[in-house]
Amino acid sequence: MNFYDQVLREIVAAIGAALLFGNGYALIRRRRDAKAGAGNNPTSASGGAKKGEELIVAPIGRTLAFMLLGLLMLVAGVAALAAL
1 MNFYDQVLRE IVAAIGAALL FGNGYALIRR RRDAKAGAGN NPTSASGGAK KGEELIVAPI
61 GRTLAFMLLG LLMLVAGVAA LAAL
């Protein structure tokens with residue numbers, strides 16, 4: 001096996017883990033911010049942000065989709081590393 005093949009497998013697993021845990025944290029923070037704000041957010045999760053502004057909360061659909069993608073990448077990367 002080539003050095004670059006090993007590195008590519010590790011990068012796929014690392015990016016998958018980052019997507020999974022980063023978006024999981026955003027989902028947890030979204031719930032915490034919703035409880036703290038109690039409806040004071042001018043930008044809803046479904047409405048999006050105005051041009052040039054940042055989202056206040058992460059959209060739930062996008063967050064879950066990225067978490068699923070991260071899980072798939074993590075599993076594929078770990079499986080590729082274990083298959084050596």
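Residue numbers in the sequence shown follow the UniProt record's numbering, run continuously in steps of one, and reach 84 at the last position.
Don't be surprised by glycine CBs; every beta carbon is placed ideally from N, CA and C.
Here the structure is a predicted model, which is why all the values come from computation and not from measurement.
On the premise that residue j lies in contact with residue i, defined as a C-beta separation below 8 Å, what is that separation, rounded to the nearest angstrom?
i   : j   : result
A58 : R30 : 5 Å
If I follow the unbroken alpha helix (DSSP H) through residue i, where does it start and stop?
i   : result
A82 : I60 to A82
Relative to the C-alpha of residue i, which candidate in the options has its C-alpha closest?
i   : options              : result
I56 : L68, L27 and F3      : L27
G16 : R62, M73 and M1      : M73
L68 : F21, V7 and L81      : F21
N23 : N2, L64, I11 and D33 : L64
F66 : D33, Q6, A79 and Y25 : Y25
Please report how far the alpha carbon of residue i lies from the alpha carbon of residue j, in whole angstroms.
i   : j   : result
G77 : K35 : 36 Å
A13 : V75 : 7 Å
Y4  : E10 : 10 Å
Is the shortest distance between the beta-carbon of residue i and the beta-carbons of chain B less than 8 Å?
i   : result
G22 : Of the protein chains in the structure, only one exists, and it is not chain B.
Can the beta-carbon of residue i be found closer than 8 Å to that of residue j?
i   : j   : result
G70 : L19 : yes
L84 : M1  : yes
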